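Participant: First the structure, then my questions, so here it is.
2 protein chains.
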Amino acid sequence: MVTAATQGAVDIEKANADAFERLTAADPWVIDVGIAREVIPGYTDDLILTSGAPMPWSEYVGGQREALVGGALFEGLAATREEAIAKFDSGEIRIGACHDYGAVGSLAGIYTASMPVFVVENRSGGNIAFCNFYEGKEPRRLNYGCYDQGVHDRLLYVNDVLAPVVAEAIRRQGGIALKPLIARALRMGDEVHSRNAAASVLFSRAILPAVLDMVAEEVPNVRETMLHLAENDYFFLRLSMAAAKASADAMAGVAGSTLVTAMAFSCRGFAIRVSGTGDRWFEGPPPIHEGKLFAGHSEDEITWMGGESPITETIGLGGFAQACALSLQDYQGGSPEVMISRNLEMYDIVHGENPHYRIPLFGFRGTPTAVDVRKVLATGVLPVMDVGLAGRDGGQIGAGVIRAPRECFEQAAEALAVDHAIETEVPR
Amino acid sequence: MVTAATQGAVDIEKANADAFERLTAADPWVIDVGIAREVIPGYTDDLILTSGAPMPWSEYVGGQREALVGGALFEGLAATREEAIAKFDSGEIRIGACHDYGAVGSLAGIYTASMPVFVVENRSGGNIAFCNFYEGKEPRRLNYGCYDQGVHDRLLYVNDVLAPVVAEAIRRQGGIALKPLIARALRMGDEVHSRNAAASVLFSRAILPAVLDMVAEEVPNVRETMLHLAENDYFFLRLSMAAAKASADAMAGVAGSTLVTAMAFSCRGFAIRVSGTGDRWFEGPPPIHEGKLFAGHSEDEITWMGGESPITETIGLGGFAQACALSLQDYQGGSPEVMISRNLEMYDIVHGENPHYRIPLFGFRGTPTAVDVRKVLATGVLPVMDVGLAGRDGGQIGAGVIRAPRECFEQAAEALAVDHAIETEVPR
Numbered sequence: 000m001v002t003a004a005t006q007g008a009v010d011i012e013k014a015n016a017d018a019f020e021r022l023t024a025a026d027p028w029v030i031d032v033g034i035a036r037e038v039i040p041g042y043t044d045d046l047i048l049t050s051g052a053p054m055p056w057s058e059y060v061g062g063q064r065e066a067l068v069g070g071a072l073f074e075g076l077a078a079t080r081e082e083a084i085a086k087f088d089s090g091e092i093r094i095g096a097c098h099d100y101g102a103v104g105s106l107a108g109i110y111t112a113s114m115p116v117f118v119v120e121n122r123s124g125g126n127i128a129f130c131n132f133y134e135g136k137e138p139r140r141l142n143y144g145c146y147d148q149g150v151h152d153r154l155l156y157v158n159d160v161l162a163p164v165v166a167e168a169i170r171r172q173g174g175i176a177l178k179p180l181i182a183r184a185l186r187m188g189d190e191v192h193s194r195n196a197a198a199s200v201l202f203s204r205a206i207l208p209a210v211l212d213m214v215a216e217e218v219p220n221v222r223e224t225m226l227h228l229a230e231n232d233y234f235f236l237r238l239s240m241a242a243a244k245a246s247a248d249a250m251a252g253v254a255g256s257t258l259v260t261a262m263a264f265s266c267r268g269f270a271i272r273v274s275g276t277g278d279r280w281f282e283g284p285p286p287i288h289e290g291k292l293f294a295g296h297s298e299d300e301i302t303w304m305g306g307e308s309p310i311t312e313t314i315g316l317g318g319f320a321q322a323c324a325l326s327l328q329d330y331q332g333g334s335p336e337v338m339i340s341r342n343l344e345m346y347d348i349v350h351g352e353n354p355h356y357r358i359p360l361f362g363f364r365g366t367p368t369a370v371d372v373r374k375v376l377a378t379g380v381l382p383v384m385d386v387g388l389a390g391r392d393g394g395q396i397g398a399g400v401i402r403a404p405r406e407c408f409e410q411a412a413e414a415l416a417v418d419h420a421i422e423t424e425v426p427r
Numbered sequence: 000m001v002t003a004a005t006q007g008a009v010d011i012e013k014a015n016a017d018a019f020e021r022l023t024a025a026d027p028w029v030i031d032v033g034i035a036r037e038v039i040p041g042y043t044d045d046l047i048l049t050s051g052a053p054m055p056w057s058e059y060v061g062g063q064r065e066a067l068v069g070g071a072l073f074e075g076l077a078a079t080r081e082e083a084i085a086k087f088d089s090g091e092i093r094i095g096a097c098h099d100y101g102a103v104g105s106l107a108g109i110y111t112a113s114m115p116v117f118v119v120e121n122r123s124g125g126n127i128a129f130c131n132f133y134e135g136k137e138p139r140r141l142n143y144g145c146y147d148q149g150v151h152d153r154l155l156y157v158n159d160v161l162a163p164v165v166a167e168a169i170r171r172q173g174g175i176a177l178k179p180l181i182a183r184a185l186r187m188g189d190e191v192h193s194r195n196a197a198a199s200v201l202f203s204r205a206i207l208p209a210v211l212d213m214v215a216e217e218v219p220n221v222r223e224t225m226l227h228l229a230e231n232d233y234f235f236l237r238l239s240m241a242a243a244k245a246s247a248d249a250m251a252g253v254a255g256s257t258l259v260t261a262m263a264f265s266c267r268g269f270a271i272r273v274s275g276t277g278d279r280w281f282e283g284p285p286p287i288h289e290g291k292l293f294a295g296h297s298e299d300e301i302t303w304m305g306g307e308s309p310i311t312e313t314i315g316l317g318g319f320a321q322a323c324a325l326s327l328q329d330y331q332g333g334s335p336e337v338m339i340s341r342n343l344e345m346y347d348i349v350h351g352e353n354p355h356y357r358i359p360l361f362g363f364r365g366t367p368t369a370v371d372v373r374k375v376l377a378t379g380v381l382p383v384m385d386v387g388l389a390g391r392d393g394g395q396i397g398a399g400v401i402r403a404p405r406e407c408f409e410q411a412a413e414a415l416a417v418d419h420a421i422e423t424e425v426p427r
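These protein sequence lines are chains A and B, in that order.
Counting along the first sequence from 1, when you hit position 35 you're at 34 in numbering that gives the first Met the number 0, and nothing is skipped either side.
Counting along the second sequence from 1, when you hit position 425 you're at 424 in numbering that gives the first Met the number 0, and nothing is skipped either side.
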């Protein structure tokens with residue numbers, strides 16, 4: 000008997016194959032660094048972006064609310080915390096969701112109008128994605144819900160010192176292809192989410208010809224910028240996120256596709272987008288976590304204040320490539336055995352294996368890529384993500400592994416009106 | 000009943016513990032680049048060094064003989080091949096073994112008087128080791144038994160362009176600590192013998208402050224040198240070898256110690272040195288191999304023309320750390336499973352686990368370090384090494400894994416007068 004579910008299955012398979020093909024064909028290049036207000040379409044001076052599915056101001060709590068306030072103060076949209084809150088209340092300062100602007104935010108993911116952003120172009124699809132800069136190693140950072148003089152100064156340092164040099168170097172190089180750089184970093188111990196040590200140094204090497212010219216021409220701040228990059232192993236994460244966003248967006252909007260195109264969370268909860276349902280978010284509770292805390296911190300301090308770096312897992316990196324980066328065991332906890340089995344488990348819930356991003360430990364098997372809503376529900380296996388952990392008083396207090404909640408996938412399946420139990424029809 | 004063997008065992012254990020302690024305490028720094036004739040003690044203009052236990056000229060055959068002739072031509076010690084051969088015959092050109100001069104040679108391991116060498120100091124022991132420079136990616140190289148105009152030009156490029164820049168950068172930095180750099184590279188997919196991709200880029204990063212100053216001061220050839228380094232992932236191998244030699248020498252000469260302090264081979268065969276017997280070599284047949292050849296080459300072309308890069312395995316790197324560098328599977332063949340089991344097997348024949356060099360895949364277990372002659376004989380497990388493979392017509396034709404022959408260890412045990420079958424008394 001032909002049921003609605005089996006009738007639909009053929010189209011779903013074709014839609015997913017199309018979406019997967021677009022994803023794996025994506026060719027992200029960082030082509031520039033620009034100022035948010037100038038390069039992000041629709042950006043206005045009164046706009047602050049933050050992580051997760053869009054919410055009204057009143058629902059932002061804890062660290063994510065503090066981060067929004069910090070963003071307003073940093074940008075000079077308010078002189079005091081109270082003034083900032085009043086302006087958020089009145090709508091004089093507007094809040095947007097990063098993803099709605101082609102951007103992705105790390106942790107709380109605060110963007111303000113004057114912030115420099117990487118401009119990443121998918122050269123096979125023409126779409127553009129953005130990500131702003133890493134603030135540096137100091138655990139107190141705006142994107143971890145902190146704002147004080149030190150945070151302010153470090154953000155200005157990014158705006159005034161680092162970004163102009165990196166921008167000019169990228170432009171002089173004619174852009175940098177990120178896909179081969181990421182593929183190489185996977186052979187060098189990174190999964191380019193919680194570990195970017197190799198990718199960061201490879202990026203510095205990629206801009207070296209331009210940098211050497213700039214030093215010879217006495218362009219200001221080049222030496223300082225390069226030494227900063229040399230000391231910041233997470234510098235590349237923002238490029239990895241922008242590359243992932245540019246790649247994931249390429250697979251969005253394929254009618255009938257059940258593949259996940261974004262995973263993100265806010266202080267309220269976790270949410271996913273699915274190719275066949277476009278920009279709609281399917282929300283669930285906060286993620287399930289297991290982690291390792293920095294010395295002096297305890298489990299009850301962990302708080303959720305947003306995070307969109309799981310865009311890397313969305314395209315088969317991060318937790319989906321953690322067997323490339325086993326040295327993460329001393330950063331986020333776990334053992335090689337656990338990391339390997341977690342990575343292998345992801346093959347059960349994805350559409351396919353990435354033809355470009357490969358895992359040496361698995362004999363160069365492609366990373367598990369493109370989570371299929373149906374397979375998550377059929378297997379009960381939840382997508383895994385490597386993330387930094389924020390503390391209730393702000394700042395990074397550790398790192399760990401989170402799992403997306405099942406509820407998001409249930410809602411997505413309902414919206415897609417697909418059968419939850421189709422695993423036996425799906426090639427494994 | 001107390002036998003000679005059990006009586007001696009206590010002293011051997013203590014001697015090995017002492018030697019191991021000296022090895023693991025070694026703190027190799029590259030402090031300079033100098034010209035062989037100026038910095039290697041006892042070096043004279045008529046001297047050419049080559050790999051393996053010392054032999055008379057008449058016994059050098061094939062590629063290693065060609066490499067010696069090439070060295071004589073490059074150095075201007077002879078104008079023609081015939082003249083070079085005549086001068087080797089007469090002793091007018093002298094041949095030395097690299098190890099006798101504190102040096103180690105890659106493949107044929109040719110040193111001539113004008114060649115630049117890395118000067119590596121063990122800052123915990125004060126001893127110095129040397130290694131000359133990588134010739135570049137071209138398969139036809141002097142150390143693979145080739146000499147022609149191209150080889151000549153590339154060697155001169157090393158002498159005149161690369162070495163002076165690298166020398167000045169190292170001096171300006173006050174030397175570069177190699178042990179932490181190697182430890183970090185092991186987390187980034189290298190085993191620093193057949194894979195040096197991470198270590199090479201980390202080295203470039205380590206000299207970056209000096210390099211940026213030099214560019215600003217318009218020191219010649221800096222840009223060219225840095226771009227050359229950026230394209231040559233094997234650049235670091237020679238630093239890895241010199242660091243290993245400086246470390247291995249620190250454990251030499253401990254009376255009663257059965258730990259191997261050098262493994263090297265020539266066209267004639269493989270040889271080892273052991274701590275308790277000082278500079279004496281114990282020779283055997285050529286190594287046993289399995290490898291992967293570059294396209295267009297066949298197994299019967301493989302020839303032995305020397306190699307001392309197994310000094311890296313001697314201190315617990317290379318093949319003894321191959322589980323760090325699983326991406327080597329597509330360079331030298333094998334599968335992750337085979338590489339992992341080969342690496343694990345090495346724990347059966349070593350004195351201990353390296354406290355500094357660690358393997359993420361094994362939960363940061365220290366690399367198996369310091370081969371014990373007795374354990375090789377007791378277990379029948381032969382030390383494994385990652386090496387480049389040379390072709391009978393010269394040049395590199397592939398890469399693979401070799402094993403040291405048992406005969407070397409039998410002779411060493413005889414000279415040390417130790418019982419071969421003591422495995423049950425040795426802590427595992």
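We put the beta carbon where it would ideally sit given N, CA and C, even for glycine.
This structure is a prediction, so every number in the text was calculated from the model and none was measured.
1) Report back the beta-carbon spacing between Ser203(B) and Arg204(A) to the nearest angstrom; my notes put them in contact at under 8 Å.
2) Does any residue of chain B bring its CB to less than 8 Å from the CB of Phe363(A)?
3) Tell me the DSSP secondary structure of Met262(A) in three-state form.
4) Considering only DSSP beta bridges, list what Asp385(A) is partnered with.
5) Who are the near neighbours of Tyr330(A) in its chain, counting only those whose CB is closer than 8 Å to its CB and skipping five residues on each side?
6) Asn469(A) and Thr257(A) look like a contact to me (Cβ under 8 Å); what is the Cβ gap, rounded to whole Å?
7) Between Leu201(A) and chain B, is there a C-beta pair that is closer than 8 Å?
8) Determine, for Val165(A), whether the minimum Cβ-Cβ distance to residues of chain B falls below 8 Å.
9) Less than 8 Å between the beta carbons of Ala162(B) and Pro115(B), yes or no?
10) For Pro426(A), count neighbouring C-beta atoms within 10 Å of its own C-beta (all shown protein chains included) and say buried if the count is 16 or more, exposed if not.
11) Would you verify that the beta carbon of Gln172(A) is, or is not, closer than 8 Å to some beta carbon of chain B?
12) Between Val349(B), Leu327(B), Trp303(B) and Ala263(B), which lies nearest to Ala403(B) when the distance is taken from Cα to Cα?
13) Distance cutoff 8 Å, beta carbons only. Does Pro426(A) sit that close to anything in chain B?
14) Nearest CA to the CA of Phe129(B): which residue from Asp88(B), Thr224(B), Ser239(B) and Arg373(B)?
15) Could you tell me whether any Cβ in chain A is nearer than 8 Å to the Cβ of Pro286(B)?
16) Report the neighbours of Gly188(B) on chain A: residues whose CB is nearer than 8 Å to its CB, in chain order.
17) Between the beta-carbon of Ala96(A) and the beta-carbon of Met304(A), is there less than 8 Å?
18) Pick out whichever of His151(A), Leu207(A), Lys86(A) and Gly124(A) has its Cα sitting closest to the Cα of Ser113(A).
19) In whole angstroms, what is the alpha-carbon distance linking Tyr42(A) and Ala416(A)?
20) Could you give the first and the last residue of the continuous alpha helix (DSSP H) run that contains Gly351(B)?
21) Roughly how many angstroms lie between the CA atoms of Tyr356(A) and Asp385(A), to the nearest whole one?
22) Measure from the C-beta of Glu409(B) to each C-beta in chain A and report whether the shortest distance is under 8 Å.
23) Going by DSSP in three states, Leu46(A) sits in which element: helix, strand or coil?
24) Here's a check: name, in chain order, each residue in its chain whose Cβ is nearer than 6 Å to the Cβ of Ser199(A), leaving out the five neighbours to either side.
25) Quick one: list the residues of chain B neighbouring Leu325(A), beta-carbon separation under 8 Å, in chain order.
26) Note down the Cα distance separating Thr302(A) from Glu58(A), rounded to an integer number of angstroms.
27) How about Ala182(A) and Val29(A): are their beta carbons less than 8 Å apart?
28) Hey, is Ala215(A)'s beta-carbon within less than 8 Å of any beta-carbon in chain B?
29) Under 7 Å Cβ-Cβ, which residues of chain A neighbour Arg153(B)?
30) Can you list, in chain order, the residues of its chain with a C-beta nearer than 7 Å to that of Met0(A)? Leave out the 5 residues immediately preceding and following it.
31) Which residue's Cα is closest to the Cα of Val210(B): Ser50(B), Arg170(B) and Asp10(B)?
32) Strictly under 8 Å for the Cβ-Cβ distance: is Asp329(B) near chain A by that measure?
33) When you compare the CB of Met114(B) with every CB in chain A, is at least one pair closer than 8 Å?
34) Just tell me which of Gly51(A), Glu190(A), Leu376(A) and Ala25(A) has its CA closest to the CA of Ala176(A).
35) If you compare alpha carbons, which of Thr313(B), His296(B), Ile271(B) and Leu343(B) is closest to Cys407(B)?
36) Keeping to the same chain, check which residues put their C-beta closer than 6 Å to that of Asp278(A); ignore five residues upstream and five downstream.
Facilitator: Quick answer:
1) Along the second sequence, read from residue 1 onward, the residue named residue 203(B) stands at position 204. Along the first sequence, read from residue 1 onward, the residue named residue 204(A) stands at position 205. Between Arg204(A) and Ser203(B) the Cβ distance is about 7 Å, and since that is below 8 Å, they are a contact.
2) Counting from one through the first sequence, the residue named residue 363(A) turns up at place 364. For Phe363(A), the answer is yes, since a Cβ of chain B falls inside 8 Å of its Cβ.
3) As a working mapping, residue 262(A) is identified with position 263 in the first sequence. It is a strand residue.
4) Looking up residue 385(A) in the first sequence gives position 386. Answer by DSSP bridge pairing, in chain order: Val400(A).
5) Taking the first residue of the first sequence as 1, we reach residue 330(A) at position 331. Its chain contains Ser193, Arg194, Lys291 and Ala398 as the residues whose beta carbon lies nearer than 8 Å to that of Tyr330(A), once the 5 sequence neighbours on both sides are disregarded; these appear in chain order.
6) As shown, chain A starts at 0 and ends at 427. That puts residue 469(A) outside it, with no answer to give.
7) For the purposes of this step, residue 201(A) is identified with residue 202 of the first sequence, where counting begins at 1. Residue-level contact by beta carbon holds for Leu201(A) and chain B, with a gap shorter than 8 Å.
8) By one-based count along the first sequence, residue 165(A) stands at place 166. Using a Cβ-Cβ cut-off of 8 Å, Val165(A) does not count as an interface residue toward chain B, since no Cβ of chain B sits closer than that to its own.
9) Residue 162(B) sits at position 163 when you count from the first residue of the second sequence. Residue 115(B) sits at position 116 when you count from the first residue of the second sequence. Yes, the pair counts as a contact, with Cβ atoms nearer than the cut-off.
10) Residue 426(A) sits at position 427 when you count from the first residue of the first sequence. The pLDDT assigned to Pro426(A) is 44, lower than 50, so where the model puts this residue is not dependable; a value taken from the coordinates is nonetheless given after this. Of the residues assessed, Pro426(A) falls on the exposed side of the cut-off, its CB having fewer than 16 other CB atoms within 10 angstroms.
11) Counting from 1 along the first sequence, the entry for residue 172(A) is found at position 173. Gln172(A) does not count as touching chain B.
12) Here residue 403(B) refers to the residue found at position 404 when the second sequence is read from its first residue. Distance from the Cα of Ala403(B) is smallest, within the candidate group Val349(B), Leu327(B), Trp303(B) and Ala263(B), for Ala263(B).
13) What you label residue 426(A) is simply residue 427 of the first sequence in a count that begins at 1. The pLDDT assigned to Pro426(A) is 44, lower than 50, so where the model puts this residue is not dependable, and the model offers no usable value.
14) Stepping through the second sequence from its first residue, residue 129(B) is reached at position 130. Comparing C-alpha distances from Phe129(B) to each of Asp88(B), Thr224(B), Ser239(B) and Arg373(B) shows the shortest one belongs to Ser239(B).
15) By 1-based counting over the second sequence, the position of residue 286(B) is 287. Taking a beta-carbon distance threshold of 8 Å, Pro286(B) does not count as an interface residue toward chain A.
16) In the second sequence, residue 188(B) corresponds to position 189, counting from 1. Contacts between Gly188(B) and chain A, judged by CB atoms closer than 8 Å, involve Arg186, Met187, Gly188, Ala197 and Pro359 in chain order.
17) Within the first sequence, numbered from 1, the residue matching residue 96(A) stands at position 97. Within the first sequence, numbered from 1, the residue matching residue 304(A) stands at position 305. For Ala96(A) and Met304(A), no; Cβs fall outside 8 Å.
18) Counted from its first residue, the first sequence places residue 113(A) at position 114. Distance check between Ser113(A) and each of His151(A), Leu207(A), Lys86(A) and Gly124(A) places His151(A) closest, using alpha-carbon atoms only.
19) Position 43 of the first sequence holds residue 42(A). Position 417 of the first sequence holds residue 416(A). Going from the Cα of Tyr42(A) to the Cα of Ala416(A) covers about 35 Å.
20) Numbered from 1 along the second sequence, position 352 holds the residue referred to as residue 351(B). Annotation for Gly351(B): no alpha helix (DSSP H) segment contains it, though the beta strand (DSSP E) segment containing it runs Val349 to Ile358.
21) To locate residue 356(A), count along the first sequence from 1; it is residue 357. To locate residue 385(A), count along the first sequence from 1; it is residue 386. Answer to the nearest angstrom: the Cα atoms are 17 Å apart.
22) Along the second sequence, read from residue 1 onward, the residue named residue 409(B) stands at position 410. No, Glu409(B) lies away from the interface with chain A (no Cβ there is under 8 Å from its Cβ).
23) Position 47 of the first sequence, counted from the start, is the residue given in the question as residue 46(A). The DSSP-derived three-state label of Leu46(A) is strand.
24) Here the question's residue 199(A) lines up with position 200 in the first sequence. Cβ neighbours of Ser199(A) beyond the five flanking positions: Asp232, Phe234 and Phe235.
25) Taking the first sequence and counting its residues from 1, the one referred to as residue 325(A) is at position 326. Neighbours of Leu325(A) in chain B, taken as residues at a C-beta separation under 8 Å, are given in chain order as Pro359 and Leu360.
26) Residue mapping note: residue 302(A) aligns to position 303 of the first sequence, counting from 1. Residue mapping note: residue 58(A) aligns to position 59 of the first sequence, counting from 1. Between the alpha carbons of Thr302(A) and Glu58(A) lies a distance of about 15 Å.
27) Numbered from 1 along the first sequence, position 183 holds the residue referred to as residue 182(A). Numbered from 1 along the first sequence, position 30 holds the residue referred to as residue 29(A). Their beta carbons are not under 8 Å apart, which means Ala182(A) does not touch Val29(A) by this criterion.
28) Numbered from its first residue, the first sequence carries residue 215(A) at position 216. Interface annotation, Ala215(A): in contact with chain B, CB-CB separation under 8 Å.
29) One-based indexing of the second sequence puts residue 153(B) at position 154. Neighbours of Arg153(B) across chain A, judged by C-beta separation under 7 Å, do not exist; the nearest C-beta is about 21 Å away.
30) Looking up residue 0(A) in the first sequence gives position 1. Confidence is the limiting factor: at Met0(A) the pLDDT is only 35, short of 50, which leaves the residue's position unreliable, though a coordinate-based value still follows. Counting only Cβ-Cβ distances below 7 Å, and skipping sequence neighbours, we find nothing.
31) In the second sequence, counting from the first residue as 1, residue 210(B) sits at position 211. Looking at the Cα atoms, Arg170(B) is the closest of the given residues.
32) For the purposes of this step, residue 329(B) is taken as residue 330 along the second sequence, with counting starting at 1. Using a CB distance cut-off of 8 Å, Asp329(B) counts as an interface residue toward chain A.
33) Stepping through the second sequence from its first residue, residue 114(B) is reached at position 115. Not one chain A Cβ lies under 8 Å of Met114(B).
34) Counted from its first residue, the first sequence places residue 176(A) at position 177. Its Cα nearest to that of Ala176(A), the residue Ala25(A) stands out among Gly51(A), Glu190(A), Leu376(A) and Ala25(A).
35) If you number the second sequence from 1, residue 407(B) lands on position 408. Selected option, being the one with the closest Cα: Ile271(B).
36) One-based indexing of the first sequence puts residue 278(A) at position 279. Taking C-beta separations shorter than 6 Å and ignoring five residues to either side along the sequence, Asp278(A) has no partners in its chain.
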